[in-house]
Amino acid sequence: MAKRTPTAGTAAAPGAPAGPPPGPATARRLAVVGTAGHIDHGKTALVRRLTGVDTDRLPEEKKRGISIDLGFAPLVTPAGVRVGLVDVPGHERFVKNMLAGVGGVDLVLLVIAADEGVMPQTREHLAIVKLLGVERGVIVLTKRDLVDDDWLALVTRDVRALVAGTFLAEAPIVPF
Ligand SMILES: Nc1nc2c(ncn2[C@@H]2O[C@H](COP(=O)(O)OP(=O)(O)OP(=O)(O)O)[C@@H](O)[C@H]2O)c(=O)[nH]1
Ligand SMILES: [Mg+2]
13 MAKRTPTAGT AAAPGAPAGP PPGPATARRL AVVGTAGHID HGKTALVRRL
63 TGVDTDRLPE EKKRGISIDL GFAPLVTPAG VRVGLVDVPG HERFVKNMLA
113 GVGGVDLVLL VIAADEGVMP QTREHLAIVK LLGVERGVIV LTKRDLVDDD
163 WLALVTRDVR ALVAGTFLAE APIVPF
């Protein structure tokens, strides 16, 4: 096969970095961010607050007030990063859907309700994202309005103990 040679006038300058030319598709980075966490801890509400999108769109989800399938919502951060948010169900019966959604995310939002604290699917979802090799995350303590400062401090200590030694050990814990 003939070797490709650069056309006159389009050759990259010596030492120029390899990769696609800048253009609309590469002008802003795309990050995929997934939720994780126990049922009813506020994952979908968080996504709705961040994006305006209600990812619980199925009639059964609306009727039962829980997420069943994956939900998707777009967001552009103030820094211009395009984010694709993937909202996962917390119910243990739908863990297969959760698994399908968090594979390959760039960052996970581990959602823990401040009133209930760490629960079984908090642990299970954390174990799954660890196994999948997710490397970055933020811990969001939802339902801040339902607890006092002492309780919030207690739950924050519990959460720090839970993630000690994991990729989330130094992750920010954001009350929301
Ligand atoms: N008071 C209060 N209620 C909240 C907050 N966030 C969520 N909720 C309520 O908690 C309930 C569950 O919220 P969802 O966002 O559906 O929880 P989820 O984690 O998506 O639930 P699954 O997807 O089924 O696992 C809803 O009634 C929300 O309105 C919060 O910050 N404060
Ligand atoms: Mg939900």
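For the sequence shown, the numbering used here begins at 13 and goes up steadily by one.
Each residue gets a CB set at the ideal place from its N, CA and C atoms; glycine is no exception.
{"Item": "When you compare each of D52, V107, T47 and G102 to F84 by their alpha carbons, which one comes out closest?", "Value": "T47"}
{"Item": "Which one of V107, A183, H103 and G115 has the shortest CA to CA distance from L97?", "Value": "G115"}
{"Item": "Given this structure, state the Cα-to-Cα distance separating V76 from V117, to the nearest angstrom.", "Value": "A small fix is needed here, since residue 76 is Arg in this sequence, not Val. For R76 and V117, the distance between alpha carbons rounds to 27 Å."}
{"Item": "Report the residue from G54, L70 and P71 whose alpha carbon sits nearest the alpha carbon of V152.", "Value": "G54"}
{"Item": "Just to confirm, are V171 and V130 a CB contact at a threshold of 8 Å?", "Value": "yes"}
{"Item": "Does the Cβ of R156 lie closer than 7 Å to at least one heavy atom of ligand 1?", "Value": "yes"}
{"Item": "How would you write the range of the alpha helix (DSSP H) that T56 sits in, first residue to last?", "Value": "K55 to T63"}
{"Item": "Does at least one heavy atom of ligand 1 sit under 7 Å from the Cβ of H53?", "Value": "yes"}
{"Item": "For ligand 2, any of its heavy atoms closer than 7 Å to the Cβ of D66?", "Value": "no"}
{"Item": "Please tell me whether, using a cut-off of 7 Å, the distance from the CB of T178 to the nearest non-hydrogen atom of ligand 2 is below it.", "Value": "no"}
{"Item": "Might you give, ordered along the chain, the residues of its own chain that have their beta carbon closer than 8 Å to the beta carbon of P184, omitting 5 neighbours on each side?", "Value": "V150 and I151"}
{"Item": "With DSSP collapsed to three states, give me the class of P86.", "Value": "strand"}
{"Item": "Which residue comes first and which comes last in the alpha helix (DSSP H) that contains P71?", "Value": "P71 to R76"}
{"Item": "Could you check what DSSP says for G102 in three-state terms: helix, strand or coil?", "Value": "coil"}
{"Item": "Does DSSP put I140 in a helix, a strand or coil?", "Value": "helix"}
{"Item": "Going along the chain, which residues of its own chain have a beta-carbon closer than 7 Å to the beta-carbon of V65, five neighbours each way excluded?", "Value": "V59 and A85"}
{"Item": "In three-state DSSP terms, what is G113?", "Value": "helix"}
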